[in-house]
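S.K.:
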(Lines of atoms letter the chains of each structure in order from A and count residues from 1; the text may use other names and numbers.)
(Lines give C-alpha, C1' and ligand atoms only; values in the text may rest on other atoms or scores of the structure.)
Protein backbone atom coordinates (compact mmCIF):
# COMPACT_ATOMS: atom_id res chain seq x y z
CA UNK A 1 0.00 0.00 0.00
CA UNK A 2 1.37 3.39 -1.00
CA UNK A 3 1.91 5.78 1.87
CA UNK A 4 1.43 9.53 1.63
CA UNK A 5 3.96 11.86 3.22
CA UNK A 6 2.98 15.34 4.39
CA UNK A 7 5.98 17.67 4.61
CA UNK A 8 5.82 20.42 7.25
CA UNK A 9 8.28 23.06 8.33
CA UNK A 10 8.93 26.76 8.70
CA UNK A 11 8.12 28.76 5.56
CA UNK A 12 11.46 30.51 6.08
CA UNK A 13 12.89 27.25 4.66
CA UNK A 14 10.38 26.98 1.82
CA UNK A 15 12.97 26.52 -0.94
CA UNK A 16 14.57 23.62 0.98
CA UNK A 17 11.12 22.15 1.67
CA UNK A 18 10.23 22.35 -2.03
CA UNK A 19 13.48 20.60 -2.90
CA UNK A 20 12.65 17.71 -0.54
CA UNK A 21 9.09 17.62 -1.88
CA UNK A 22 10.43 17.36 -5.44
CA UNK A 23 12.80 14.55 -4.46
CA UNK A 24 9.87 12.55 -3.05
CA UNK A 25 7.82 13.08 -6.21
CA UNK A 26 10.76 12.20 -8.51
CA UNK A 27 11.17 8.99 -6.52
CA UNK A 28 7.52 8.07 -7.03
CA UNK A 29 6.54 8.79 -3.42
CA UNK A 30 3.17 10.50 -2.90
CA UNK A 31 3.78 13.72 -1.01
CA UNK A 32 1.84 16.77 0.13
CA UNK A 33 3.22 20.16 1.13
CA UNK A 34 1.81 23.50 2.23
CA UNK A 35 2.48 26.75 0.41
CA UNK A 36 2.28 30.14 2.14
CA UNK A 37 -0.53 31.53 -0.02
CA UNK A 38 -2.84 28.55 -0.45
CA UNK A 39 -5.74 30.45 1.10
CA UNK A 40 -6.98 27.63 3.30
CA UNK A 41 -4.59 28.43 6.14
CA UNK A 42 -4.39 26.04 9.05
CA UNK A 43 -7.54 24.21 7.90
CA UNK A 44 -5.70 23.20 4.74
CA UNK A 45 -2.78 21.93 6.80
CA UNK A 46 -5.08 19.86 8.97
CA UNK A 47 -6.76 18.41 5.87
CA UNK A 48 -3.37 17.40 4.45
CA UNK A 49 -2.50 15.72 7.75
CA UNK A 50 -5.77 13.75 7.59
CA UNK A 51 -4.89 12.63 4.04
CA UNK A 52 -1.36 11.56 4.97
CA UNK A 53 0.09 8.47 6.59
CA UNK A 54 3.34 10.03 7.75
CA UNK A 55 4.12 13.62 8.75
CA UNK A 56 7.72 14.57 7.97
CA UNK A 57 9.02 17.61 9.85
CA UNK A 58 11.78 19.51 8.09
CA UNK A 59 13.16 21.14 11.21
CA UNK A 60 16.41 22.69 10.04
CA UNK A 61 18.68 23.38 13.03
CA UNK A 62 16.17 21.47 15.19
CA UNK A 63 13.67 24.33 15.18
CA UNK A 64 9.96 23.59 15.54
CA UNK A 65 7.69 26.64 15.56
CA UNK A 66 4.17 26.98 16.90
CA UNK A 67 2.43 26.04 13.64
CA UNK A 68 4.56 22.93 13.19
CA UNK A 69 3.99 21.99 16.85
CA UNK A 70 0.25 22.20 16.12
CA UNK A 71 0.74 19.97 13.07
CA UNK A 72 2.63 17.42 15.18
CA UNK A 73 -0.05 17.39 17.89
CA UNK A 74 -2.86 16.98 15.38
CA UNK A 75 -1.01 14.20 13.55
CA UNK A 76 -0.43 12.33 16.80
CA UNK A 77 -4.09 12.74 17.80
CA UNK A 78 -4.95 11.01 14.51
CA UNK A 79 -2.35 8.30 15.27
CA UNK A 80 -0.08 9.30 12.39
CA UNK A 81 3.64 8.64 12.60
CA UNK A 82 5.78 11.77 12.85
CA UNK A 83 9.44 11.85 11.80
CA UNK A 84 11.89 14.71 11.65
CA UNK A 85 14.93 15.65 9.62
CA UNK A 86 16.95 16.60 12.70
CA UNK A 87 16.54 15.97 16.41
CA UNK A 88 13.99 18.37 17.89
CA UNK A 89 15.59 20.85 20.28
CA UNK A 90 12.47 21.38 22.43
CA UNK A 91 12.29 18.60 25.08
CA UNK A 92 8.52 19.08 25.32
CA UNK A 93 8.21 17.98 21.68
CA UNK A 94 11.26 15.78 21.06
CA UNK A 95 9.83 12.69 22.77
CA UNK A 96 6.79 12.79 20.45
CA UNK A 97 8.87 12.21 17.32
CA UNK A 98 9.02 8.57 16.20
CA UNK A 99 12.44 8.96 14.63
CA UNK A 100 14.97 11.14 12.89
CA UNK A 101 15.55 10.29 9.24
CA UNK A 102 17.01 11.96 6.15
CA UNK A 103 14.84 12.43 3.06
CA UNK A 104 17.00 9.85 1.28
CA UNK A 105 16.55 7.38 4.13
CA UNK A 106 12.80 7.87 4.13
CA UNK A 107 12.61 7.45 0.34
CA UNK A 108 14.76 4.30 0.46
CA UNK A 109 12.66 2.70 3.18
CA UNK A 110 9.38 3.48 1.45
CA UNK A 111 10.66 2.36 -1.97
CA UNK A 112 11.66 -0.96 -0.41
CA UNK A 113 8.09 -1.38 0.79
CA UNK A 114 8.81 -0.38 4.35
CA UNK A 115 6.15 1.03 6.60
CA UNK A 116 6.33 3.73 9.21
CA UNK A 117 7.15 0.95 11.71
CA UNK A 118 10.22 0.00 9.62
CA UNK A 119 11.39 3.61 9.56
CA UNK A 120 11.37 3.70 13.35
CA UNK A 121 13.43 0.48 13.46
CA UNK A 122 15.95 1.71 10.88
CA UNK A 123 16.55 4.91 12.83
CA UNK A 124 16.46 3.48 16.35
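Numbering (this note's numbering), first residue to last: 21 to 144. Built from N, CA and C at the ideal position, the CB exists for glycine as well.
Tell me residue 52's beta-bridge partners as DSSP assigns them.
M.R.: Within the chain shown, the letter at position 32 stands for residue 52. Bridge partners of residue 52: 26.
S.K.: Taking only runs that begin and end inside the segment 90-135, name each unbroken beta strand (DSSP E) of 3 or more residues, in chain order.
M.R.: Correct list: 101-104.
S.K.: Nearer than 8 Å: is that true of the beta carbon of residue 34 relative to any heavy atom of the ligand COA?
M.R.: For the structure depicted, the ligand COA is absent and the ligand set is empty, with no information on it obtainable.
S.K.: Per the DSSP calculation, residue 74 is bridged to which residue(s)?
M.R.: Here residue 74 refers to the residue found at position 54 when the chain shown is read from its first residue. Looking at the DSSP assignment, residue 74 forms a beta bridge with 25 and 101.
S.K.: Under 9 Å, Cβ to Cβ, is there at least one residue of chain C near residue 56?
M.R.: Chain labels in this structure do not include chain C; a single protein chain is all it has.
S.K.: Where residue 36 and residue 51 are concerned, what is the direct C-alpha to C-alpha distance, given to the nearest angstrom?
M.R.: The residue labelled residue 36 in the question sits at position 16 within the chain shown. The residue labelled residue 51 in the question sits at position 31 within the chain shown. Roughly 15 Å between the two C-alpha positions.
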